[in-house]
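Here the structure is laid out as structure tokens; the discussion comes afterwards.
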Amino acid sequence: MAVSKKDKLEIISNIFNGIEEYWVDGKGIIRATNLEAVTITGYEESEVVGKSFTVLYPPREVADDPLRDYISEAIVSRNLKTSMVLVRKDGVRFIAKVNFEVVLREGVEHVKITVQDKTYKSIQKQKMKRLESHFNSLFHNQFIGVLNVQQVDLKIIVANVRACEILNEHDFIGKSFDRYLPDEEAVRWFCSQLDKENDEGFEMKLIQNGGKTRWVRINYSLFTTEGMTELLLFDITDDKKRIEDLERINNQLDQFIYHISHDLRAPITTLLGLIAISKKEVQSMITLQGYLDLMLQRTRHLDSILIDLMSIALNEKTSLDFDTIKLSEEIQSIADQYVGDTSGPVPIHIAITQDFPFISDVKRLRIILRNLISNAIKYQNPAETQPFVKIRARAGQGYTFIEVEDNGIGIHAQHDKKIFEMFFRGTDKSSGSGMGLYIVKMIVEKLGGEISFTSHPGNGTLFQLVIPNRADDVSGDSPAVRHNGQRERKKFTPTNLIS
Ligand code: ADP
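Numbering of the sequence shown is given in the numbering used here, commencing with residue 7 and proceeding in unit increments.
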């Protein structure tokens, strides 16, 4: 059969590309091949010539013999491309790209079947698909924010959903990563970190879209060839807060031990000294009276420190214990303990309205009242001719409001932020341990309430507190509830208070 120039070129090209050629008749019987030059199937030409092309089919499919269909379809359409699984001489299957082409040569129609091994390509394609899906599931994970930024200007090119959440950003297009860094200094520091080879990454503060702060740990890799840096963001805001809380508590504990050991020793050394002198001077009863007064004073001081310590322990260690509280009785009985407590009597005016049963933790409430009332008396102004302490309270349905007001020495504005701190004493007049208001605040917070104050130096101070009333938590007949949960709190504003 004479072969045209075009056919010759195709024959050569098929040999170069490793494509097997089978020339078959209308029944699919192989008449000629290029197997002397190409071998995918491992057959020699002599082994297949005269046999059906189905010799390359997997055994089960020979029975179905779709070959005739292919050939008749190819005769109609002149050219038919398909892929199928074929079997090599050694029994190994492979994915073949098979092309049926009807060629007219010297007036006779021949069917040329070309076979190309696609197994490698298909496997690569499958691998790529798998890699792509792994990459996608890694990229769109719920935990780690992923951002690709340009090294030159930190412009964000891609970001996953988690990165959007961490930065509270919905659209990164055209935005640069440095907009989420707090200031210029932070931008410089961030860039200097990227210049280091730091496998462990680094932690830094970011400012979300909307202005909120988030702490993140950043790991990164540089794709220098592409001029890109991939940033992995781990949100560590909650961990940071927990660490800060722990550090604060630890710090307070250190301070606490230091102060308390000093405070406890001072009255004891005074007492020891006084006892030693008293022993020597028992003859003089008048001097002894003076020493006993001093001893009493120092012992009281020691007692007050121990009471403070017990209050802290009670608040920290015991759970809330709710009971119905007769507000009027409680306030009156505590006020009575302080009448005549100063050099001159300080009148205590009490005004209580109780429209609803007040349910809260009575032990904790007593500690609050004792501290506020004793301070109101202790910090009276000596120049004031008509000193007073006013206590007002109103038990409402959801909240109970309490105010303790005095016309004493007041608190300097410079101390405003400190007076609730542990061991803070704002004046020489303080003979206490500086723990009272710290304890009050801790307890109010534990009860789910809030405390605030206003003061005018020289004119007096007003403490205002609001405590949730657990009355509506009570079910059944029993007014007493034991409940440790915290309810949702209303925002505390002065308008909540007694008018
Ligand atoms: P302490 O009374 O033992 O010093 P507190 O914690 O009770 O400790 O109070 C802290 C400081 O707040 C006091 O030293 C005082 O300066 C100031 N302070 C508290 N209550 C009053 C008040 N009613 N009037 C004036 N100053 C007050």
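Backbone N, C-alpha and C define an ideal beta-carbon position, used for all residues, glycine too.
Using DSSP's beta-bridge definition, name the partner residues of residue i.
| i | result |
| --- | --- |
| S458 | Q470 |
| I354 | V395 |
| F364 | I331 |
| F407 | R400 and V472 |
| G151 | L239 |
| A38 | W29 |
| V91 | I101 |
| I121 | Correcting the residue identity first, residue 121 is Val in this sequence and not Ile. Answer is E26 and V104, bridged to V121. |
| S114 | Here the sequence assigns Val to residue 114, which means Ser is not the residue at that position. According to DSSP, which records beta bridges pairwise, V114 is partnered with R111. |
| Y226 | L237 |
| R220 | L212 |
| N85 | E107 |
| I162 | V155 |
| S58 | I35 |
| T359 | R400 |
I think residue i touches residue j, with their Cβ atoms under 8 angstroms apart; what is that distance to the nearest whole Å?
| i | j | result |
| --- | --- | --- |
| D241 | I172 | 5 angstroms |
| E390 | L468 | Wrong, their Cβ atoms sit about 15 angstroms apart, outside the cutoff. |
| V193 | D201 | V193 to D201, Cβ: 13 angstroms. No contact. |
| T340 | R372 | The question names Thr, but residue 340 is Ile in the sequence shown. 6 angstroms between Cβ atoms; contact. |
| L308 | L252 | So it is not a contact: roughly 32 angstroms between Cβ atoms. |
| G180 | R168 | Going by Cβ atoms, the distance from G180 to R168 rounds to 21 angstroms, so no, they are not a contact pair. |
| V155 | L237 | 6 angstroms |
| G416 | S461 | 5 angstroms |
| L62 | V109 | About 20 angstroms separates the two Cβ atoms, so there is no contact after all. |
| V104 | V121 | 6 angstroms |
| D314 | I445 | 6 angstroms |
| H146 | N166 | 5 angstroms |
| N321 | R254 | With a Cβ gap of about 17 angstroms, N321 and R254 do not count as contacting. |
| E107 | N85 | 5 angstroms |
| H421 | G432 | 5 angstroms |
| A401 | F362 | 6 angstroms |
Are there any heavy atoms of ligand 1 lying less than 7 angstroms away from the beta-carbon of residue i, as far as the coordinates show?
| i | result |
| --- | --- |
| R304 | no |
| A382 | yes |
| F430 | yes |
| G440 | yes |
| Y297 | no |
| Y226 | no |
| L443 | yes |
| I425 | yes |
| Y344 | no |
| S458 | no |
| G416 | yes |
| Y385 | yes |
| D269 | no |
| N321 | no |
| N377 | yes |
| D412 | yes |
| T406 | no |
| S436 | yes |
| T276 | no |
| T433 | yes |
| T467 | yes |
I'd like to know whether the C-beta atoms of residue i and residue j end up nearer to each other than 8 angstroms.
| i | j | result |
| --- | --- | --- |
| I356 | Q343 | no |
| K447 | F426 | yes |
| T330 | I365 | yes |
| I163 | M234 | yes |
| F407 | V352 | no |
| N377 | N413 | no |
| I101 | V117 | no |
| L471 | G455 | yes |
| S439 | I274 | no |
| V44 | I119 | no |
| E336 | L375 | yes |
| L277 | R306 | no |
| I46 | E26 | yes |
| R220 | Q214 | yes |
| T88 | L73 | no |
Three CB pairs or more closer than 8 angstroms across the stretch 291–310 and the stretch 246–266: no
Stretch-stretch touch, CB-based, cutoff 8 angstroms, three pairs: the stretch 73–83 with the stretch 20–35: yes
Inter-stretch contact at 8 angstroms, needing at least 3 Cβ pairs: the stretch 127–136 / the stretch 47–57: no
Stretch pair the stretch 316–333 + the stretch 282–294: three plus CB contacts closer than 8 angstroms: no
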